[in-house]
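Protein chains in written order, with this note's numbering: chain W, 1 to 443; chain Y, 1001 to 1264.
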Amino acid sequence: MTELSTAVPEKVEPPESGGPAGLRSIKRLMQATELDTRLLGMLGALAVIWIGFHIWSGGTFLTPRNLWNLSVQTAAVAIMATGMVLVIVSRNIDLSVGSMLAVVGMAMALFQAEILPDWIGFDHPLTWVLTLLVGLALGAIIGAFQGAIIAYVGVPSFIVTLGGLLVWRGVAWWMASGRTIAPMDSNFQLLGGGSEGTIGGGWSWIVGIAASAGIIALLINNRRQRRRFGFGLRPTWADTAIGVVGVGVVLGAIAYLNRYYLPERLAMRRFEEQGLAFPDGGANISLGLAYPVLIAIVVALVMTFVATRLTFGRYVFAIGGNPEAAELGGIKTRFNTVKTFALMGVLVAIAASVQIARLNAATSGIGQLSELYVIAAAVIGGTSLSGGIGTIPGAVLGALVMQSLQSGMVLVGVDAPLQDIAVGFVLVVAVAIDSYFRKRSST
Amino acid sequence: MTAETMPRTPLVEMRDIRVAFGGVHAVDGVSIDLYPGEVVALVGGNGAGKTTLIKTLSGAHKCDSGQIFVNGEPVSIDTPRDAKEYAIETIYQTLALAENIDAPGNMFLGRELKTRFRTLDDSAMESAARQVMGRLNPKFKNLKVPVASLSGGQRQSVAIARAVHFNAKILIMDEPTAALGPAETDQVNELVAQLKAEGIGIFLISHDIHDVFDLADRISVMSQGKLVGTVNKADVTKDEVLAMIIMGIPPGQATESDLEQLHD
């Protein structure tokens, strides 16, 4: 018996050293779950902002109605920020996205309001698709054109897109001599959200359940891949915890947003349209996810896939990390730059369609200053302007943080100049905190 | 050249290579060659043109004139991709690593393994990297962190692993041990001997003859863009090579007094 007891070595805990026990166990938890600390930090900051405004506004910020509006307002900037991440990661910048948005928006508005009706008539069911295709193609062409000047002529992206900022804004005015183009096609309008442009409560649940299934499938696939090559597995409890939290957040968000109901007047009209009597006690019709939000979510997922799973994304990061190494590795770095800017153009086109659909009109002034919000969202989201570092989910969160600040300040009635001061302040502070922690973690 | 190697076709022959930057002739009519299983040291002071010459072989620079033959066939190497097609792999002095990407990502940079859906197969790349690393630097285990946080020796292993994994026939090593400690230098030297035994031809570039003298079969000396000469290591002393490097004296012509001057 004595032999047995000596043969089994007792597990000796390493001597506890420094720091309160709570911090250490959090650290251990983070290591086991392999979660991105920066992303968690941003989620924490977002929680602080939300709760702060909720208290300050006397309990109106965290209502389903306000969060639903917030989600719609964030969509356009979030869509563009996902592309800006790749542009900045590859050591470039795109200052022209706001003006490009105006050109592409004007082009899509003119196409659906003044060109297509002559060919296929008003309110044709294909109008929105054709318009969207024209917009996407135009965005890709403008982006690729600027990218080609940057890559093959060698003009710095700052200059090329600064020129683009001026040129495209002028072109947008010149396209319709400054007129406002309205209204948009009735199907196209749905892309902007609004009370009609949502998928409804039922479909929102289906999206939520599909997303939950996706989270679980990803976790399982990850384990399978690691087992295939005999790498160490993340502890089962950690995977389970991530799965439970992830699914919980997704379904909780859907449940909460679904509590935003159609205003009674609109609900009544819907019942009338279907020839039904409006119930006496009123009816709760959930709006569910708005189309622009759904589009932003899909864009974020696709862009995450592009950035992390495709060679194109890998090359963007390699070029940002060490352009010479990328070149010597045999990567066609110039063509990659053209592709990056073309992709940015496509995303601008998607954002433009959301924007003009929401306004139900296009003017040459749309998208003004949005280049700055897009860049700020990417940077708040942890994208490093020196290149090589950045994530898509971070940029989306960055967009959400910025929009939350702005909406919150409007909600509590902060003066407009003060709003700008606050947003500018937060931008600088966020980057300062980020670079402080980055420096500390690298030593 | 020994009688044994004479009749064979050289693995690489670079003939009359010229590269000019503006009016400066960085490489001025240099011819060198390399046989299978041979280590040719390319030595010379700073600015002698060694790296520029070798970059025309690795595809990083185009040469203005001259010809390159691989296995006796004339080839044109315009990009790093072309060089890799001919199984020419290069370990650059700067290592050419993307700091923000992990070791497997760097090893396969530009030649990623893909799944059947055309996506990156990170697990397969990690697995291959672990295999190569098990041979080169078994102590190096944390492959999944960005290269920026690795030690000098580990970074060197990543650069070497990249060249070795793709079955190089011709290996170019530019100052491979310049940034390494003694233990790591020994490791690299062992590897050179091992690769040589496998029949790989190696160009070893160094500004310091002491680093490469023991490993080399032949030594080509460059000075101010020109080839001073190529000698069999067996036929010369370190001092004679030093005379070639420092004074540009062609092989066999150094006098006793020249050699004495070296040590003043």
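By construction, the Cβ of each residue, glycine as well, lies at the ideal position given by its N, Cα and C atoms.
Less than 8 Å separating the beta-carbons of Y/Asn1046 and Y/His1207?
Working through the second sequence from its first residue, we reach residue 1046 of chain Y at position 46. Working through the second sequence from its first residue, we reach residue 1207 of chain Y at position 207. Result yes, Cβ atoms of Y/Asn1046 and Y/His1207 sit closer than 8 Å.
Is Y/Met1222 helix, strand or coil by DSSP?
One-based indexing of the second sequence puts residue 1222 of chain Y at position 222. In the structure shown, Y/Met1222 sits in a strand (DSSP, three-state: E or B).
List the DSSP bridge partners of Y/Arg1018.
Taking the second sequence and counting its residues from 1, the one referred to as residue 1018 of chain Y is at position 18. In the DSSP output, where bridge partners are listed per residue, Y/Arg1018 has Y/Asp1028, Y/Ser1065.
Same chain, Cβ closer than 8 Å to W/Leu165, five either side skipped, listed in chain order:
As a working mapping, residue 165 of chain W is identified with position 165 in the first sequence. For W/Leu165, where only same-chain residues beyond five positions count, the Cβ hits under 8 Å are Leu95, Ser96, Gly98, Ser99, Glu371.
Under 8 Å between beta-carbons, which chain W residues line up against Y/Pro1080? List them in chain order, please.
Against the second sequence, residue 1080 of chain Y aligns to sequence position 80. Chain W residues near Y/Pro1080: Glu327, Leu328, Gly329, Gly330.
Contact with chain W by Y/Thr1009, beta-carbon distance below 8 Å
Translated into positions along the second sequence, residue 1009 of chain Y becomes position 9. Output row for Y/Thr1009: interface = no.
Would W/Tyr315 be called buried (16 or more neighbouring beta carbons within 10 Å of its own) or exposed?
As a working note, residue 315 of chain W is residue 315 in the first sequence. So W/Tyr315 ends up on the buried side.
Minimum C-alpha distance to W/Arg259 - residue among W/Asp420, W/Gly170, W/Gly52, W/Asn69:
What you label residue 259 of chain W is simply residue 259 of the first sequence in a count that begins at 1. Comparing Cα positions, the closest option is W/Asn69.
How do the region 1135 to 1151 of chain Y and the region 1020 to 1031 of chain Y stand: do at least 3 beta-carbon pairs fall below 8 Å, yes or no?
no
Assumed close pair Y/Leu1215, Y/Val1192 - CB separation to whole angstroms, cut-off 8 Å
For the purposes of this step, residue 1215 of chain Y is identified with residue 215 of the second sequence, where counting begins at 1. For the purposes of this step, residue 1192 of chain Y is identified with residue 192 of the second sequence, where counting begins at 1. Confirmed, Cβ separation roughly 5 Å.
Name the residues in the region 221 to 236 of chain W whose C-beta lies less than 9 Å from a C-beta of chain Y; which are they?
Gln225, Arg226, Arg228, Phe229, Gly230, Phe231
Ignore the nearest five residues each way along the sequence and tell me which others in W/Val160's own chain have a CB closer than 7 Å to its CB.
Taking the first residue of the first sequence as 1, we reach residue 160 of chain W at position 160. Within the same chain, W/Val160 has close Cβ partners Gln146, Ile149, Ile150.
Backbone secondary structure at W/Gly408 - three-state DSSP
Counting from 1 along the first sequence, the entry for residue 408 of chain W is found at position 408. Note: W/Gly408 maps to helix in three-state DSSP.
Would you say W/Thr443 reaches chain Y, if we count a Cβ-Cβ gap shorter than 8 Å as a contact?
Position 443 of the first sequence, counted from the first residue, corresponds to residue 443 of chain W. Reliability of the predicted coordinates at W/Thr443 is poor, the pLDDT of 48 falling under 50, and the value obtained from them is presented with this limitation in mind. No, no contact with chain Y.
Endpoints, the beta strand (DSSP E) within which Y/Gln1073 is located:
Taking the first residue of the second sequence as 1, we reach residue 1073 of chain Y at position 73. A small correction: the amino acid at residue 1073 of chain Y is Glu; Gln does not occupy that position in the sequence shown. Looking at the DSSP string, the run of the beta strand (DSSP E) that includes Y/Glu1073 is 1073 to 1075.
Measuring only the C-alpha atoms, how far is Y/Glu1038 from W/Thr391?
Residue numbering aside, residue 1038 of chain Y sits at position 38 when the second sequence is read from its first letter. Residue numbering aside, residue 391 of chain W sits at position 391 when the first sequence is read from its first letter. Near 47 Å, if we compare the C-alpha coordinates of W/Thr391 and Y/Glu1038.
Write down every uninterrupted run of the alpha helix (DSSP H) in the region 1158 to 1210 of chain Y whose length is 4 residues or greater and which is fully enclosed by it, in chain order.
1182 to 1197
Quick one: which unbroken alpha helix (DSSP H) runs of 4-plus residues sit fully inside the region 242 to 317 of chain W? Chain order, please.
264 to 273, 291 to 309
Hey, Y/Leu1113 and Y/Asp1121 are a contact pair by Cβ (cut 8 Å); roughly how many whole angstroms apart?
Working through the second sequence from its first residue, we reach residue 1113 of chain Y at position 113. Working through the second sequence from its first residue, we reach residue 1121 of chain Y at position 121. With a Cβ gap of about 5 Å, Y/Leu1113 and Y/Asp1121 count as contacting.
Considering only their Cβ atoms, is the gap separating W/Ala416 from W/Ala81 smaller than 8 Å?
Here residue 81 of chain W corresponds to residue number 81 of the first sequence, with the count starting at 1. Here residue 416 of chain W corresponds to residue number 416 of the first sequence, with the count starting at 1. Contact: no.
When burial is assigned at 16 or more other CB atoms within 10 Å of the CB, is W/Gly197 buried or exposed?
Here residue 197 of chain W refers to the residue found at position 197 of the first sequence. Answer is buried; the Cβ neighbour count reaches 16.
Can at least three beta-carbon pairs, one atom from the region 319 to 332 of chain W and one from the region 131 to 144 of chain W, be found at a separation below 8 Å?
no
I'd like the list of long-range same chain contacts for Y/Ile1200, defined as Cβ closer than 8 Å, with 5 residues on each side in sequence excluded.
Here residue 1200 of chain Y refers to the residue found at position 200 when the second sequence is read from its first residue. If we look at Y/Ile1200 and ignore the five residues flanking it on each side, its Cβ neighbours are Pro1036, Gly1037, Ala1168, Lys1169, Ile1170, Leu1171.
Smallest Cα separation from Y/Ser1058: which of Y/Pro1080, Y/Arg1015, Y/Phe1203?
Indexing the second sequence from 1 puts residue 1058 of chain Y at position 58. Considering only alpha carbons, the answer is Y/Pro1080.
What residues of chain W sit near Y/Glu1126, judged by a beta carbon separation below 9 Å?
In the second sequence, counting from the first residue as 1, residue 1126 of chain Y sits at position 126. Simply Phe229, Phe231.
Alpha helix (DSSP H) runs wholly inside the region 43 to 94 of chain W, at least 4 long, in chain order:
64 to 89
Check the C-beta distance from Y/Leu1227 over to Y/Ser1031 and give it rounded, since I have them as a contact under 8 Å.
Numbered from its first residue, the second sequence carries residue 1227 of chain Y at position 227. Numbered from its first residue, the second sequence carries residue 1031 of chain Y at position 31. Yes, Y/Leu1227 and Y/Ser1031 are in contact; Cβ-Cβ is about 7 Å, under 8 Å.
Could you tell me whether the Cβ of W/Leu310 comes closer than 8 Å to any Cβ of chain Y?
Translated into the one-based positions of the first sequence, residue 310 of chain W becomes position 310. Yes, W/Leu310 counts as interfacial toward chain Y.
Taking DSSP as the reference, what is the three-state secondary structure of Y/Met1001?
Here residue 1001 of chain Y refers to the residue found at position 1 when the second sequence is read from its first residue. Its pLDDT being 46, under 50, Y/Met1001 is placed unreliably in this model, and the coordinates cannot settle the point.
Taking a contact to mean a Cβ-Cβ separation below 8 Å, would you say Y/Ala1087 touches Y/Gln1224 in this structure?
Working through the second sequence from its first residue, we reach residue 1087 of chain Y at position 87. Working through the second sequence from its first residue, we reach residue 1224 of chain Y at position 224. Taking 8 Å as the Cβ cut-off, Y/Ala1087 and Y/Gln1224 do not qualify as a contacting pair.
Along the region 107 to 130 of chain W, what residues have a CB closer than 9 Å to any CB found in chain Y?
none
Just checking, does the region 42 to 52 of chain W make contact with the region 261 to 272 of chain W on the three C-beta pairs under 8 Å criterion?
no
Taking only beta-carbon atoms, is W/Gly381 less than 8 Å away from chain Y?
Taking the first residue of the first sequence as position 1, residue 381 of chain W is located at position 381. Output row for W/Gly381: interface = no.
Considering Cα atoms alone, identify which of W/Val207, W/Val134, W/Arg224, W/Leu310 is closest to Y/Arg1116.
Here residue 1116 of chain Y is taken as the residue at index 116 of the second sequence, counted from 1. Of the candidates W/Val207, W/Val134, W/Arg224, W/Leu310, the one whose C-alpha sits nearest the C-alpha of Y/Arg1116 is W/Leu310.
What is the C-beta distance between W/Thr308 and W/Ser90, in whole angstroms, given that I count them as a contact (C-beta under 8 Å)?
Here the question's residue 308 of chain W lines up with position 308 in the first sequence. Here the question's residue 90 of chain W lines up with position 90 in the first sequence. No, W/Thr308 and W/Ser90 are not in contact; Cβ-Cβ is about 15 Å, not under 8 Å.
Anything in chain W within Cβ reach of Y/Met1151, meaning under 9 Å, just list it in chain order.
Against the second sequence, residue 1151 of chain Y aligns to sequence position 151. Note that residue 1151 of chain Y corresponds to Ser in the displayed sequence, not to Met. By Cβ distance, chain W contributes nothing, its closest Cβ being about 14 Å from Y/Ser1151, past 9 Å.
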